[in-house]
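Trainee: In this note's numbering, the protein residues as written are 3 to 292.
Here it is, written out as structure tokens:
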């Protein structure tokens, strides 16, 4: 089992005629994902490396039956791309684009209220169900099918956790990169709810970072509602106070959201917390036996 995507997911790429969009569409197709086409306004009716190109998402959905979209358009057009995908009835929208203005994301969040679509990202690596479907920029070869779910604000640390699991012969059910921006589509808590309901997921690694309180909300859910063991790592322990880090969400305010307080709270809620990114798999193995 898996969450969000599987072998039947049909994916279009918004921005497929750009170098980045095409490169990752080819990589996902090589992995086995059903990449059924792409969208670039003004280039409808053409093809690129075998992918049919459409002018609009609505046309792409009508012609291909796509139910997921991945977005590689520049930041200035990303919000419009997300809302167009929602309008076209795409159930899962994954935005890889980094640098989307915060106010644009506020508009997107407001626009999506009451809709049936789910947004992952922006500024994220995407989602992968190993052996079935890869949507995004992650290196597929390090993943293997198995029972551990991974949810993370950091792409690089997602790959590190996966590598630590895979080299121990522990596979992953689904890996979800939710992105590091302060306003995004899906939270840690929402992904944990999906993992809790997924019979194919036995345990979870959650990777967070300094700033905000999303990790604390997720930990409260683990404490109060989750039956599966959860290990965690919080990045940014050595970040200078007041320093804006690489992720837009990694901003400490009012003395809250620092690594120490987050780790203490997560431990109080029953999570196994790694002190180093090199210890994420070991933290999970302290509370779960494959």
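A virtual CB, placed ideally from N, CA and C, is assigned to each residue, including glycine.
Considering only their Cβ atoms, is the gap separating residue 264 from residue 192 smaller than 8 Å?
Mentor: No, they are not a contact pair.
Trainee: Buried or exposed for residue 33, going by 16 or more other Cβ atoms inside 10 Å?
Mentor: Residue 33 comes out buried.
Trainee: In terms of residues, what are the limits of the alpha helix (DSSP H) holding residue 158?
Mentor: From DSSP, the alpha helix (DSSP H) with residue 158 extends over 157-168.
Trainee: What span of residues does the alpha helix (DSSP H) with residue 279 cover, start to end?
Mentor: That residue, residue 279, is in no alpha helix (DSSP H); it is neither H nor E in DSSP.
Trainee: Would you check if the region 115-124 and the region 44-53 touch, i.e. whether three or more CB-CB distances between them fall below 8 Å?
Mentor: Contact fails: fewer than three Cβ-Cβ distances are below 8 Å.
Trainee: Look up residue 199 in the DSSP assignment and say whether it is helix, strand or coil.
Mentor: The answer is helix: DSSP assigns residue 199 an H, G or I state.
Trainee: How big is the Cα-Cα spacing for residue 93 and residue 105?
Mentor: Cα to Cα, residue 93 sits roughly 23 Å from residue 105.
Trainee: Just to confirm my understanding: we take residue 60, look at its own chain, exclude 5 residues before and 5 after, and list those with CB closer than 6 Å. What are they?
Mentor: Result list for residue 60: 90, in chain order.
Trainee: So the candidates are 161, 231, 213, 170; which of them puts its Cα closest to the Cα of residue 195?
Mentor: Nearest of 161, 231, 213, 170 to residue 195, Cα basis: 231.
Trainee: Roughly how many whole angstroms lie between the Cα atoms of residue 256 and residue 212?
Mentor: Low confidence applies to residue 256: its pLDDT is 48, below 50, so where it sits in the model is not reliable, and the reading given next is rough at best. Distance between the alpha carbons of residue 256 and residue 212: 13 Å.
Trainee: For residue 289, which residues in the same chain have their Cβ closer than 6 Å to its Cβ, ignoring the five residues on either side in sequence?
Mentor: These residues qualify, in order along the chain: 231, 274.
Trainee: Can you give me the C-alpha to C-alpha distance between residue 172 and residue 285, rounded to a whole angstrom?
Mentor: Distance between the alpha carbons of residue 172 and residue 285: 14 Å.
Trainee: Measure the C-alpha to C-alpha separation of residue 281 and residue 235 and round it to an integer number of angstroms.
Mentor: Cα-Cα distance, rounded: 9 Å.
Trainee: Quick check: residue 130 and residue 112, are their CB atoms within less than 8 Å of each other?
Mentor: Their beta carbons are not under 8 Å apart, which means residue 130 does not touch residue 112 by this criterion.
Trainee: Between residue 128 and residue 140, is the Cβ-Cβ spacing less than 8 Å?
Mentor: Yes, these two residues count as a Cβ contact at 8 Å.
Trainee: Report the three-state DSSP secondary structure of residue 78 (helix, strand or coil).
Mentor: It is helical.
Trainee: Does DSSP put residue 114 in a helix, a strand or coil?
Mentor: In the structure shown, residue 114 sits in a helix (DSSP, three-state: H, G or I).
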